[in-house]
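Under my numbering, the first residue of the sequence shown carries the number 4, and numbering increases by one thereafter.
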Amino acid sequence: MIVMKEKLIIPQGYKPKLNLKETEIAIKTIKDFFERKLSKELNLLRVSAPLFVRTKTGLNDNLSGVERPVVFDMKNDECNLEIVHSLAKWKRMALRRYKFEVGEGIYTDMDAIRRDEEFDNTHSIYVDQWDWENIIDVKDRNEEKLKEVVRKIYNICKDTEKHLCSLYSHLKPILPEEIFFISTQKLEELYPDLSPEEREKQISEEKKAVFIMSIGRKLKSGKAHGMRSPDYDDWDLNGDIIFWNPILKDEFEISSMGIRVDKDSLAEQLQLADCEDRKKLEYHKLLLEDKLPLTMGGGIGQSRLCMFFLRKAHIGEVQSSIWPNWMIEECNKANIVLL
């Protein structure tokens, strides 16, 4: 049974299987194992990455376009700085600067502050994820390449789950053998009377692991499945990896990823999103002049993965952050121990 307190899901009878110390050990185990596999399977080199970027460069991830970055000034510098939302655009600039070749890539531990997140079981103002990016050839800007990499990431998730289950007897593997692929348009046709969020919940409960493709462009109904910034993912070649979470009885996104815009898709998407003023920014100018490599990449939630694999009810059980007092009180009553 599930009880809702505002936007907080409280699984009735919930009891964490690991205490705080055991949880911290398990978190480290998951992150170390997953990171090594990710680096090997996608040919990624770990690099250092910024916590903040200059506002005028256009390097920050605009997410859906309405989230406000944390902005501050720097002594003896006229330009404001922004805490990153993600490193979607910075990684592409880094690959150019580091002179990487086709087939090579980078990943980093990305820490971000998203001040406008709404608190619930899976959302926090603190975001921690593996941000990764690969250089691809022009012939690989297609759906088959996207699916190939999604399957690799999904197999890493399955291997991580199996490894963890071998260490903790109370955990049992629940991910299906294969991940299911569906476009947002087909999903709308399948469930025309449901909202995008309800469609995601329905298909993830049915398939247990799904990659929902093509997010950002308007569907035949005239509405988009979800909002995406127009200047990093190609809206026709992106998507979200979503699992079914049996603890929360809800859909559970663990990654947003895609093949990135080239100069043509960037120009089109900026126009559709009424964001053509961004063409003046450094990143956008380089891309429109064909001076950045063609890439694909994404972010994989570290705390999200730990929460899923350890069968936790709240992201605060695997991540140290700040929560509203009412949420802390409700979690304490429900045996949900926040770090």
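Note that the Cβ used here is the ideal one computed from N, Cα and C, for glycine as well. The structure displayed is predicted, hence computed values, not measured ones.
* Decide if residue 82 is buried, meaning its Cβ has at least 16 other Cβ atoms within 10 Å, or exposed. => Here residue 82 refers to the residue found at position 79 when the sequence shown is read from its first residue. So residue 82 counts as exposed.
* To do: Could you tell me the boundaries of the alpha helix (DSSP H) in which residue 29 lies?
  => Mapped onto the sequence shown, residue 29 falls at position 26. Element bounds for residue 29: 23 to 45.
* Asked: What distance in whole Å lies between the Cβ atoms of residue 110 and residue 93, which are believed to be in contact at a cut-off of 8 Å?
  -> To locate residue 93, count along the sequence shown from 1; it is residue 90. To locate residue 110, count along the sequence shown from 1; it is residue 107. Contact doesn't hold; Cβ gap of about 13 Å is too wide.
* **Contacting residues, own chain, Cβ-Cβ under 7 Å from residue 311 (five flanking each side not counted)** => Start at 1 with the first residue of the sequence shown, and residue 311 comes out as number 308. Excluding sequence neighbours, residue 311 sits near 246, 248, 255 and 257.
* To do: Report yes or no: do three or more beta-carbon pairs, one from the stretch 256 to 274 and one from the stretch 231 to 238, lie closer than 8 Å?
  => Touching, yes.
* Nonlocal neighbours in the same chain, by C-beta distance under 6 Å from residue 307, ignoring five residues either side -> Here residue 307 refers to the residue found at position 304 when the sequence shown is read from its first residue. The residues are 257.
* Under 8 Å by Cβ, that's how I've got residue 338 and residue 19 pegged, so tell me the actual separation to the nearest angstrom. => In the sequence shown, residue 338 corresponds to position 335, counting from 1. In the sequence shown, residue 19 corresponds to position 16, counting from 1. Rounded to the nearest angstrom, the Cβ distance from residue 338 to residue 19 is 7 Å, consistent with a contact under 8 Å.
* **Close-in-space but distant-in-sequence residues of the same chain around residue 206 (CB under 7 Å, 5 per side omitted)** => Counted from its first residue, the sequence shown places residue 206 at position 203. Cβ within range, chain order: 185, 190 and 213.
* To do: Leaving aside the five residues before and after residue 120 along the sequence, list all residues of the same chain whose C-beta is less than 6 Å from its C-beta, in chain order.
  => Within the sequence shown, the letter at position 117 stands for residue 120. The answer, listed in chain order, is 126 and 128.
* When the Cα of residue 175 is compared with those of 97, 80 and 313, which residue comes out closest? -> As a position in the sequence shown, residue 175 is number 172, starting the count at 1. When only C-alpha atoms are compared, the closest one is 313.
* **Three-state secondary structure (DSSP) of residue 119** => Locating residue 119 in the sequence shown gives position 116, where the first residue counts as 1. In the three-state DSSP reduction, residue 119 falls in the coil class, being neither helix nor strand.
* What is the residue span of the beta strand (DSSP E) that residue 58 lies within? -> Within the sequence shown, numbered from 1, the residue matching residue 58 stands at position 55. No beta strand (DSSP E) holds residue 58; DSSP gives it neither H nor E.
* Taking the CB atoms as reference points, tell me whether residue 330 and residue 139 lie closer together than 8 Å. => The residue you call residue 330 lines up with position 327 of the sequence shown. The residue you call residue 139 lines up with position 136 of the sequence shown. At least 8 Å separates the beta-carbon of residue 330 from that of residue 139.
* Asked: Which partner residues of residue 111 appear in the DSSP bridge assignment?
  -> Along the sequence shown, one-based indexing puts residue 111 at 108. Residue pairing for residue 111: DSSP places it in a beta bridge opposite 134.
* If you run the structure through DSSP and keep just helix, strand and coil, what is residue 93? -> On the sequence shown, residue 93 is found 90 positions in, with the first residue counted as 1. In the structure shown, residue 93 sits in a helix (DSSP, three-state: H, G or I).
* Alpha-carbon spacing of residue 275 relative to residue 162, whole angstroms -> As a first step, residue 275 must be located in the sequence shown, where it is residue number 272. As a first step, residue 162 must be located in the sequence shown, where it is residue number 159. Taking the straight line from one Cα to the other gives about 40 Å.
* Please report the Cβ distance between residue 91 and residue 131, rounded to the nearest whole angstrom; I am assuming they are in contact, meaning their Cβ atoms lie under 8 Å. => Working through the sequence shown from its first residue, we reach residue 91 at position 88. Working through the sequence shown from its first residue, we reach residue 131 at position 128. At roughly 15 Å, the Cβ-Cβ gap does not stay under 8 Å, so residue 91 and residue 131 are not in contact.
* Asked: What separation, rounded to the nearest whole angstrom, lies between the Cα atoms of residue 101 and residue 57?
  -> As a first step, residue 101 must be located in the sequence shown, where it is residue number 98. As a first step, residue 57 must be located in the sequence shown, where it is residue number 54. Between the alpha carbons of residue 101 and residue 57 lies a gap of roughly 20 Å.
* Helix, strand or coil at residue 129 according to DSSP, with G and I counted as helix -> Position 126 of the sequence shown, counting from 1, holds the residue named residue 129. DSSP, read as helix, strand or coil, puts residue 129 in strand.
* To do: Please classify residue 16: is it buried, with 16 or more other beta-carbons within 10 angstroms of its beta-carbon, or exposed?
  => Here residue 16 corresponds to residue number 13 of the sequence shown, with the count starting at 1. Exposed, by the Cβ-count rule.
* Span of the alpha helix (DSSP H) around residue 268 -> Taking the first residue of the sequence shown as position 1, residue 268 is located at position 265. Element bounds for residue 268: 266 to 275.
* Among 217, 151, 219 and 165, which one has its Cα closest to the Cα of residue 182? -> Here residue 182 refers to the residue found at position 179 when the sequence shown is read from its first residue. Selection 217, 151, 219 and 165 evaluated against residue 182 yields 151 as nearest (Cα-Cα).
* Taking residue 1 as the reference, which of 29, 23 and 75 has the closest Cα? -> No statement about residue 1 is possible, as the shown extent of the chain runs from 4 to 342 and does not include it.
* Asked: Opposite residue 49 in the DSSP bridges: which residues?
  -> Counted from its first residue, the sequence shown places residue 49 at position 46. In the DSSP assignment, residue 49 is bridged to 110.
* Opposite residue 99 in the DSSP bridges: which residues? -> Taking the first residue of the sequence shown as 1, we reach residue 99 at position 96. DSSP output for residue 99 lists no bridge partner at all.
* Asked: Is residue 221 helix, strand or coil by DSSP?
  -> Taking the sequence shown and counting its residues from 1, the one referred to as residue 221 is at position 218. Residue 221 carries a strand assignment under DSSP once its states are collapsed to helix, strand and coil.
* **For residue 4, three-class secondary structure by DSSP** => In the sequence shown, residue 4 corresponds to position 1, counting from 1. Per-residue confidence for residue 4 stands at a pLDDT of 49, beneath the threshold of 50, marking its modelled position as unreliable; the derived number appears in the next sentence. Residue state, collapsed to three classes: coil.
* Asked: Where residue 216 and residue 31 are concerned, what is the direct C-alpha to C-alpha distance, given to the nearest angstrom?
  -> Locating residue 216 in the sequence shown gives position 213, counting from the first residue. Locating residue 31 in the sequence shown gives position 28, counting from the first residue. So the two alpha carbons sit approximately 31 Å from each other.
* residue 250 to residue 75 span [Cα, whole Å] -> Translated into the one-based positions of the sequence shown, residue 250 becomes position 247. Translated into the one-based positions of the sequence shown, residue 75 becomes position 72. The C-alpha of residue 250 lies about 39 Å from the C-alpha of residue 75.
* Given that a residue counts as buried once 16 or more other Cβ atoms are within 10 Å of its Cβ, and exposed if not, what is residue 173? -> Taking the first residue of the sequence shown as position 1, residue 173 is located at position 170. Counting Cβ neighbours within 10 Å, residue 173 comes out exposed, since fewer than 16 surround it.
* To do: May I have the straight-line CA-CA distance separating residue 239 from residue 145, to the nearest angstrom?
  => The residue you call residue 239 lines up with position 236 of the sequence shown. The residue you call residue 145 lines up with position 142 of the sequence shown. When rounded, the distance between both Cα atoms is 9 Å.
* **CB contact flag (residue 73, residue 116, <8 Å)** => Mapped onto the sequence shown, residue 73 falls at position 70. Mapped onto the sequence shown, residue 116 falls at position 113. Judged by their CB atoms, residue 73 and residue 116 are nearer to each other than the 8 Å cut-off.
* Asked: Residues in its own chain within less than 7 Å of residue 164 by CB, not counting five upstream and five downstream?
  -> Residue mapping note: residue 164 aligns to position 161 of the sequence shown, counting from 1. If you ignore the 5 residues before and after residue 164, its C-beta comes within less than 7 Å of the C-beta of 176, 178 and 312, all in its own chain and listed in chain order.
* Classify residue 69 as helix, strand or coil using the three-state DSSP reduction. => Translated into positions along the sequence shown, residue 69 becomes position 66. Residue 69 carries a coil assignment under DSSP once its states are collapsed to helix, strand and coil.
* **Buried or exposed by the 16-neighbour rule on C-beta atoms within 10 Å, applied to residue 170** => Position 167 of the sequence shown, counted from the start, is the residue given in the question as residue 170. Burial call: exposed.
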